[in-house]
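A.B. asks: There's a structure below that I have some questions on.
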């Protein structure tokens, strides 16, 4: 497995692979791998001839008061895992190579970034789409794999990729959960043991709300109350948002229908967790 | 010479050329070719193995009250000229293929788009950088050639290309002029004969101002007065802006120095003309 830090070297390597007719796959990550990441690597390994894992904690997608500094990092462990899952290459650029002193260029997907996390984290998705465009132009992948746990991110990146006509297939990987239902996230590491114990209430609430929907309840307020009831079983939760949105266009709904998504963002202490469930 | 209308077909063709190790060159145009365009084609022909001319009048870079509808078009003539200058391919997509019904994605270069034409034409450069990113992703060029007549456009596209790490070399082509000094532009066709007669006063004014600078005058107001004096020789001019700006960062100057640019945008009747001269 190659470890490449330099942008021109990565570009050269990718071009070389493509000239040999190889299908290049990309799994973009911010590192601190868990089974969510490795499941994306497995999809990549199956579908690509040459699999690149990018590893870069992207400052542009963190707000000024967010957790860029405390975002967990462990490059040595990540290297071992990428090797275990048979990646061909880790691309791990420096911040100064990825961004000039005063970056001016942004890729933005309007409208879809107004809802859910886009509302709570202004500029976040612009940071995501800008870094993904950069990674696309450096790694020149034929396919790129993103986890469905970050559902809004997946929808926005898919829109950006298709609308800018990148010759890249965007593939969705499933949300991977702990045994008690907590969606895997690098941020889970920052939970105290008390917070970790309360964390499964989020997914349990989402499941209850979905069950209520499948039993015939379409009123969004009632579905969200069910979710809220679950969170209120612990005093540790602070709710950022709870919403039922259109599964493709992400606008909020008053009456739920199949294909909609119940999405939630909550704080447990200082740690922000997101999760979602599709109504189907 | 191939004529390709379909985006996937163009992508396929470009990938095929690149797999054969060919250097792909792109001259992006809105058609109605003049010697400005053909000089860019000549540069492309020299530096690329496979030369693509894109021809698309991009609605996204025209404001609602601008001249999208009256922008001159002549595909048959353009085809002949592209063939004469030995292009390998014309890429001529439809509007509906290039833009979905409600486009959401934009590529924007901040700050550099605040000055000069960016100020007079809000959204114009965002339209330009968005379409150029799309063309890059469809035609996958190794080099792309832009005319220096649209100086701000060239600076902004260079910034976008480098900052998003496109593996593309941006090449500047010279401004080509009529014998009387008028910079060639597809829009010149829309001038009445009276307007056409007055048109060379713009470049003459720029030349006078540069001469004054070379004679030692650094005060921007005095340089612009010289340019204004030339324009006032005809009652037909309406000034949009006159400015001396930094040659790279485009911010306005009060005291001119070598490398700065005198830039002007004027209306002759309904036709907007731009021109510039570098202080060197």
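Chains as they are written, first to last, in this note's numbering: chain A, 9 to 288; chain B, 9 to 288. Backbone N, C-alpha and C fix where the C-beta goes; we use that ideal spot for every residue, glycine too. The structure presented is a predicted model; accordingly, all values stated were derived computationally and were not measured.
Which stretch, first to last residue, makes up the beta strand (DSSP E) that contains residue 275 of chain B?
C.D. replies: Note, residue 275 of chain B: beta strand (DSSP E), 269-276.
A.B. asks: Give me, in chain order, the residues of the same chain whose beta-carbon lies closer than 7 Å to that of residue 116 of chain A; leave out the 5 immediate sequence neighbours on both sides.
C.D. replies: 134, 137.
A.B. asks: Runs of 3 residues minimum, wholly inside the stretch 52-81 of chain B: which ones carry the beta strand (DSSP E) assignment?
C.D. replies: Listed in chain order, the complete beta strand (DSSP E) runs (minimum 3 residues) inside the stretch 52-81 of chain B are 58-63.
A.B. asks: On the DSSP letters alone, give me the boundaries of the beta strand (DSSP E) that residue 245 of chain A sits inside.
C.D. replies: Here the beta strand (DSSP E) through residue 245 of chain A covers 245-253.
A.B. asks: How is residue 3 of chain A classed by DSSP in three states: helix, strand or coil?
C.D. replies: With chain A covering 9 to 288 only, the question about residue 3 of chain A has no answer from this structure.
A.B. asks: Tell me the rounded alpha-carbon separation between residue 123 of chain B and residue 259 of chain B.
C.D. replies: Approximately 7 Å, taken between the alpha carbons.
A.B. asks: Under 8 Å between C-beta atoms, does residue 115 of chain A make it to chain B?
C.D. replies: Chain B contact via Cβ: present.
A.B. asks: Please report the distance separating the alpha-carbon of residue 30 of chain A from that of residue 15 of chain A.
C.D. replies: Taking the straight line joining both Cα atoms gives about 20 Å.
A.B. asks: For residue 116 of chain A, which three-state DSSP category applies?
C.D. replies: Here residue 116 of chain A sits in strand by DSSP.
A.B. asks: Helix, strand or coil, according to DSSP, for residue 280 of chain A in the structure here?
C.D. replies: Correct three-state label for residue 280 of chain A: strand.
A.B. asks: Could you give the distance in angstroms between the alpha-carbon of residue 106 of chain A and the alpha-carbon of residue 28 of chain A?
C.D. replies: Those two C-alpha atoms are separated by around 27 Å.
A.B. asks: Tell me the DSSP secondary structure of residue 164 of chain A in three-state form.
C.D. replies: Here residue 164 of chain A sits in helix by DSSP.
A.B. asks: Output needed in chain order: residues of the stretch 117-130 of chain A with a Cβ under 8 Å from some Cβ in chain B.
C.D. replies: Residues 117, 118, 119, 120.
A.B. asks: Closer than 8 Å by beta-carbon distance: list the chain B residues that pair up with residue 260 of chain A, in chain order.
C.D. replies: Here the premise fails: no neighbours, minimum Cβ distance about 17 Å.
A.B. asks: Rank A:132, A:283, A:172, A:199 by C-alpha distance to the C-alpha of residue 155 of chain A and give the top, closest one.
C.D. replies: Residue 155 of chain A has its Cα closest to that of A:283, out of A:132, A:283, A:172, A:199.
A.B. asks: Taking only beta-carbon atoms, is residue 10 of chain A less than 8 Å away from chain B?
C.D. replies: For residue 10 of chain A, the answer is no, since every Cβ of chain B falls outside 8 Å of its Cβ.
A.B. asks: Which residues, taken in chain order from the stretch 149-164 of chain B, show a beta carbon closer than 7 Å to some beta carbon of chain A?
C.D. replies: The stretch 149-164 of chain B vs chain A, Cβ under 7 Å: nothing.
A.B. asks: Against residue 15 of chain B, what residues of chain A qualify as contacts under a CB-to-CB distance less than 9 Å, listed in chain order?
C.D. replies: 173, listed in chain order.
A.B. asks: Given 7 Å as the limit, tell me if residue 253 of chain A has its C-beta closer than that to any heavy atom belonging to the ligand HEM.
C.D. replies: Although the ligand HEM was asked about, the structure shown includes no ligands whatsoever.
A.B. asks: Please list, in chain order, the chain A residues whose beta carbon lies closer than 7 Å to that of residue 146 of chain B.
C.D. replies: Here the neighbours are 173.
A.B. asks: Which one or two residues does DSSP pair with residue 99 of chain B in a beta bridge?
C.D. replies: DSSP, once it has assigned bridges, lists B:12, B:62 as partnering residue 99 of chain B.
A.B. asks: For residue 196 of chain B, which of B:216, B:215, B:80 has the nearest alpha-carbon?
C.D. replies: Closest by alpha carbon: B:80.
A.B. asks: With a cut-off of 8 Å, does the C-beta of residue 19 of chain B fall near any C-beta of chain C?
C.D. replies: Note that chain C does not occur in the displayed structure, where the protein chains are A and B.
A.B. asks: Which whole-angstrom value is the C-beta distance of residue 52 of chain B and residue 39 of chain B, which I expect to be below 8 Å?
C.D. replies: In fact, because the Cβ distance is near 16 Å, the residues do not count as touching under 8 Å.
A.B. asks: Between the Cα of residue 12 of chain A and the Cα atoms of A:183, A:44, A:25, A:63, which residue gives the shortest distance?
C.D. replies: Ranking A:183, A:44, A:25, A:63 by Cα distance to residue 12 of chain A puts A:63 first.
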